[in-house]
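Peer 1: Can you read through this structure? Questions will come right after.
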Amino acid sequence: MTNEKQEVPRGAPSDSHTHINPHVLAEGPGEKPSTTRASPTMSAFSTLLAIVAAACAAFVYAKSSSAVTGSSGAADIPPQAVVVDPRTFAVIGAHGTFRSSSFSEFFNPTQTNPPFFQVFDPAFLTILGPSASISEVASNADFAFAHEAPIYVPTLDQVFFASNDGGPLGRSDLDHNNQVEGISMADVEAAVKEAGAGASVNVTVTKFDLPETIQMTNGGTGPYHSNLLLINSGRGPLPPNIALVNPSPPHNATVLVDNYYGRQFNSLNDIKVHPSGNIFFTDVTYGFLNNFRPAPLMPNQVYRLDPRTLAVRVVATDFDKPNGIAFTQDGKTAYIADTGSTAGFMGNNQTAPATIYAFDVDARTQAFTNRRVFAYVDTGVPDGIQVDAGGNVYSGCGDGVHVWNDQGTLLGKFFIGTVSANMVFAGDGRLVILGETKVFVAHIAAKEISLSFPPE
1 MTNEKQEVPR GAPSDSHTHI NPHVLAEGPG EKPSTTRASP TMSAFSTLLA
51 IVAAACAAFV YAKSSSAVTG SSGAADIPPQ AVVVDPRTFA VIGAHGTFRS
101 SSFSEFFNPT QTNPPFFQVF DPAFLTILGP SASISEVASN ADFAFAHEAP
151 IYVPTLDQVF FASNDGGPLG RSDLDHNNQV EGISMADVEA AVKEAGAGAS
201 VNVTVTKFDL PETIQMTNGG TGPYHSNLLL INSGRGPLPP NIALVNPSPP
251 HNATVLVDNY YGRQFNSLND IKVHPSGNIF FTDVTYGFLN NFRPAPLMPN
301 QVYRLDPRTL AVRVVATDFD KPNGIAFTQD GKTAYIADTG STAGFMGNNQ
351 TAPATIYAFD VDARTQAFTN RRVFAYVDTG VPDGIQVDAG GNVYSGCGDG
401 VHVWNDQGTL LGKFFIGTVS ANMVFAGDGR LVILGETKVF VAHIAAKEIS
451 LSFPPE
């Protein structure tokens, strides 16, 4: 949960597979590229430079395309993909347009209308596959119904998620709880098939009535022993907690933990189950910063819950605002997103963290050790995190979902043109992306790491 507010830069539609204009890197709403008066000689020289730059960019694009597509050429690049080779924007130049905000200005140099795949590295095309598509499948412009806690339940073929808790368009605050809802993936597939890949559809979103113990759901994973494992931020004096919820009616809930040795958590945020079966979760002050929780009582930290003994211990600390969490398939590496640069009523601060950290998970204690920077995001903040079977790391950011390889190289983006707080694989080759007032589904080649426990 971050609840950052952004404006969506607009640009004229452009065809797929275009290269960038290295002199126009970012435009906010209604902005035009900056211009500078120059003498005729300088103007002619600038024109020549622009022609040379464009030719170089086209050459670089052509080389990168052939390198990733082989003899079949552009046919292996999905229709909704745009290749942006880093060599074409490494130098903007004194008279180019630079971005001044990571929150209100997006990096969309081709000015392509979302949703689309933004490709920075040929490896992203392997993740996508040649027939990848991305479609808007549900929307409500007046309600941020699709914020966090995505969980795919294979036996029901449903994706559950929660509305925005305390933020813009969330319809929730100190006096009102947020909602847990879901969509049928069978309905999604039928609607997309009828409309065609890439077309927008609007399937039914079903609201679920949960017990009063579930307040301000912000994270979730599972199925965990056939239940939804929800992490809830609490509301007012009602405590944050971790609970098991039946995905089927009557949606009965069992609270596993709601305190740390008698003190309430700040506002619990995100959760994952380690391959060992232990439950790891983050706690941060966003409930207070979004005016629905009291002032914090503890540092922002990462915890482990042993489900056998219900003992809780801290495994990592010294964050600004720890948020999303994920593990590699073998459980040896943990990823934590720090969304320190967005702070609710205190506003945004671009000089604070917007960073994913990687840790080793100690084989004996499961404490997080050997902290190192994995990635710093260019737009917004990294929120929820998922990892695919190839070890690639996905995070919801200010313009969509960003994807890095296991070395922290940004491969590409699922560019939706608005904030995405989280996403989840709904089986192999199907990624469900939450976009606050919209839900997107991408059909890709990547395979999931199943989040079910015990493993299926």
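Anchor point for the sequence shown: position 52 equals 52 in full-length UniProt numbering, and the numbering is continuous, going up by one each time. In this text, a Cβ means the ideal position worked out from N, Cα and C, and glycines have one as well.
Can you check whether the CB of glycine 287 is closer than 8 Å to the CB of glutamine 264?
Peer 2: The residue given as residue 264 occupies position 264 in the sequence shown. The residue given as residue 287 occupies position 287 in the sequence shown. Not in contact: glutamine 264 and glycine 287 (Cβ atoms no closer than 8 Å).
Peer 1: Please go through the same chain and pick out, in chain order, the residues whose beta-carbon is closer than 7 Å to the beta-carbon of threonine 379, but skip the five residues on each side of it.
Peer 2: By 1-based counting over the sequence shown, the position of residue 379 is 379. Here the set comprises Ser102, Phe106, Phe107, Cys397, Gly398 and Asp399.
Peer 1: Mind listing, in chain order, the continuous beta strand (DSSP E) runs of no fewer than 3 residues lying wholly within the stretch 383 to 450?
Peer 2: DSSP runs (the beta strand (DSSP E)) wholly in the stretch 383 to 450: 385 to 387, 393 to 396, 400 to 404, 410 to 415, 422 to 425, 430 to 434 and 438 to 443.
Peer 1: Assign arginine 308 to one of three DSSP states: helix, strand, or coil.
Peer 2: Along the sequence shown, read from residue 1 onward, the residue named residue 308 stands at position 308. Coil, per DSSP.
Peer 1: Nearest to valine 205 by alpha carbon, out of Ala195, Met185 and Gly198?
Peer 2: On the sequence shown, residue 205 is found 205 positions in, with the first residue counted as 1. For valine 205, the nearest C-alpha among the options comes from Met185.
Peer 1: Specify whether the stretch 322 to 329 and the stretch 364 to 373 touch according to this definition: at least 3 beta carbon pairs, one from each stretch, less than 8 Å apart.
Peer 2: With the cut-off at 8 Å, the stretch 322 to 329 and the stretch 364 to 373 do not touch.
Peer 1: Under 8 Å Cβ to Cβ from glycine 70, same chain only, skipping five residues before and after it: list those, please.
Peer 2: Numbered from 1 along the sequence shown, position 70 holds the residue referred to as residue 70. Its pLDDT being 34, under 50, glycine 70 is placed unreliably by the model, and the measurement read from it follows with that caveat. For glycine 70, where only same-chain residues beyond five positions count, the Cβ hits under 8 Å are Asp76.
Peer 1: Could you check whether alanine 316 and glutamine 329 sit closer than 8 Å to each other, using their CB atoms as the reference points?
Peer 2: In the sequence shown, residue 329 corresponds to position 329, counting from 1. In the sequence shown, residue 316 corresponds to position 316, counting from 1. No, these two residues do not count as a Cβ contact at 8 Å.
Peer 1: Glutamate 148 by DSSP, collapsed to three states: which one?
Peer 2: For the purposes of this step, residue 148 is identified with residue 148 of the sequence shown, where counting begins at 1. Note: glutamate 148 maps to strand in three-state DSSP.
Peer 1: In the DSSP assignment, the beta strand (DSSP E) including lysine 321 goes from what residue to what residue?
Peer 2: Residue mapping note: residue 321 aligns to position 321 of the sequence shown, counting from 1. Unbroken run through lysine 321: none, as it is neither H nor E.
Peer 1: Check for me: the beta strand (DSSP E) holding glutamate 181 runs from which residue to which?
Peer 2: Taking the sequence shown and counting its residues from 1, the one referred to as residue 181 is at position 181. 180 to 184 is the extent of the beta strand (DSSP E) around glutamate 181.
Peer 1: Along the chain, where does the alpha helix (DSSP H) that runs through alanine 123 open and close?
Peer 2: Numbered from 1 along the sequence shown, position 123 holds the residue referred to as residue 123. 123 to 128 is the span of the alpha helix (DSSP H), which, as asked, contains alanine 123.
Peer 1: Quick one: complete alpha helix (DSSP H) runs, 4+ long, within the stretch 215 to 243?
Peer 2: Counting only runs of 4 or more, we get nothing.
Peer 1: So, with DSSP's three-state summary, where would you put leucine 210?
Peer 2: Start at 1 with the first residue of the sequence shown, and residue 210 comes out as number 210. DSSP places leucine 210 in coil when its eight states are reduced to three.
Peer 1: Which residues in the same chain have their Cβ closer than 7 Å to the Cβ of proline 296, if we skip the five residues on either side of it in sequence?
Peer 2: Locating residue 296 in the sequence shown gives position 296, counting from the first residue. Only Asn266, Thr285 and Phe288 meet the Cβ criterion.
Peer 1: Roughly how many angstroms separate the alpha carbons of proline 223 and leucine 305, rounded to a whole number?
Peer 2: By 1-based counting over the sequence shown, the position of residue 223 is 223. By 1-based counting over the sequence shown, the position of residue 305 is 305. Cα to Cα, the separation comes out at about 17 Å.
Peer 1: Within its chain, find whatever has a CB closer than 8 Å to the CB of histidine 225; leave out the 5 residues flanking it on each side and keep chain order.
Peer 2: Taking the sequence shown and counting its residues from 1, the one referred to as residue 225 is at position 225. Closer than 8 Å at the Cβ level, and outside the excluded window around histidine 225, lie Leu244, Phe453 and Pro454.
Peer 1: Below 6 Å CB to CB, which residues in the same chain sit around glycine 408 once its five sequence neighbours on both sides are set aside?
Peer 2: Taking the first residue of the sequence shown as 1, we reach residue 408 at position 408. Result list for glycine 408: Phe374 and Ala375, in chain order.
Peer 1: How would you label alanine 190, buried or exposed, when you count the other beta carbons within 10 angstroms and need 16 or more for buried?
Peer 2: Taking the first residue of the sequence shown as 1, we reach residue 190 at position 190. Exposed, since its Cβ has fewer than 16 Cβ neighbours within 10 Å.
Peer 1: In whole angstroms, what separates the C-alpha of isoleucine 183 from that of glycine 198?
Peer 2: Sequence index remark: in the sequence shown, residue 183 carries index 183 (1-based). Sequence index remark: in the sequence shown, residue 198 carries index 198 (1-based). The alpha-carbon atoms of isoleucine 183 and glycine 198 are separated by roughly 18 Å.
Peer 1: Taking only three categories from DSSP, how would you classify tyrosine 286?
Peer 2: The residue given as residue 286 occupies position 286 in the sequence shown. Helix, per DSSP.
Peer 1: Ignore the nearest five residues each way along the sequence and tell me which others in valine 387's own chain have a CB closer than 8 Å to its CB.
Peer 2: Residue numbering aside, residue 387 sits at position 387 when the sequence shown is read from its first letter. The answer, listed in chain order, is Ala326, Phe327, Thr328, Gln329, Tyr335, Val393, Tyr394 and Ile449.
Peer 1: By Cβ distance below 6 Å, which residues in the same chain neighbour aspartate 360 in space, the five residues on each side in sequence not counted?
Peer 2: Walking along the sequence shown from the start, residue 360 turns up at place 360. Here the set comprises Thr369 and Asn370.
Peer 1: To the nearest angstrom, how far is it from the Cα of aspartate 283 to the Cα of proline 299?
Peer 2: Looking up residue 283 in the sequence shown gives position 283. Looking up residue 299 in the sequence shown gives position 299. If you take the alpha carbons of aspartate 283 and proline 299, they lie about 8 Å apart.
Peer 1: Which residues mark the beginning and the end of the beta strand (DSSP E) in which phenylalanine 345 is found?
Peer 2: As a working mapping, residue 345 is identified with position 345 in the sequence shown. That residue, phenylalanine 345, is in no beta strand (DSSP E); it is neither H nor E in DSSP.
Peer 1: CB-CB under 6 Å to arginine 313, same chain, minus the five flanking residues each way: which ones, in chain order?
Peer 2: Indexing the sequence shown from 1 puts residue 313 at position 313. Taken in chain order, the residues that qualify are Arg304.
Peer 1: Quick one: what's got a C-beta closer than 7 Å to arginine 430's C-beta in the same chain, skipping five residues either side?
Peer 2: Numbered from 1 along the sequence shown, position 430 holds the residue referred to as residue 430. Around arginine 430: Val441 and His443.
Peer 1: Run through DSSP, which three-state label would alanine 132 get?
Peer 2: Sequence index remark: in the sequence shown, residue 132 carries index 132 (1-based). Note: alanine 132 maps to coil in three-state DSSP.
Peer 1: Does threonine 379 come out as helix, strand or coil in the three-state DSSP assignment?
Peer 2: On the sequence shown, position 379 is the one that residue 379 refers to. It is coil, neither helix nor strand.
Peer 1: Just mark alanine 446 as buried or exposed, buried being the case when its beta carbon has 16 or more other beta carbons within 10 Å.
Peer 2: Here the question's residue 446 lines up with position 446 in the sequence shown. Buried, because 16 or more other Cβ atoms sit within 10 Å of the Cβ of alanine 446.
Peer 1: Could you say which of Gln80, Phe117, Asn278 and Leu228 lies nearest to leucine 410 if we only look at CA atoms?
Peer 2: Against the sequence shown, residue 410 aligns to sequence position 410. Looking at the Cα atoms, Phe117 is the closest of the given residues.
Peer 1: So aspartate 119 is in the beta strand (DSSP E); what residue range does that whole segment cover?
Peer 2: Counting from 1 along the sequence shown, the entry for residue 119 is found at position 119. For the record, residue 119 in the displayed sequence is valine; it is not aspartate. Here the beta strand (DSSP E) through valine 119 covers 116 to 119.
Peer 1: Put alanine 57 into one of helix, strand or coil per three-state DSSP.
Peer 2: By 1-based counting over the sequence shown, the position of residue 57 is 57. In this predicted model, alanine 57 has a pLDDT of only 43, less than 50, meaning its place in the structure is not dependable enough to derive any value.
Peer 1: Grab me the residues of alanine 90's own chain with a C-beta within less than 6 Å of its C-beta, minus the 5 sequence neighbours each way, in chain order.
Peer 2: Taking the sequence shown and counting its residues from 1, the one referred to as residue 90 is at position 90. Contacts found: none.
Peer 1: Taking buried to mean at least 16 other C-beta atoms within 10 Å of its own C-beta, is threonine 351 buried or exposed?
Peer 2: The residue you call residue 351 lines up with position 351 of the sequence shown. Answer is exposed; the Cβ neighbour count stays below 16.
Peer 1: Can you tell me where the beta strand (DSSP E) with threonine 254 in it begins and where it stops?
Peer 2: Translated into the one-based positions of the sequence shown, residue 254 becomes position 254. Start and end: 253 to 257.
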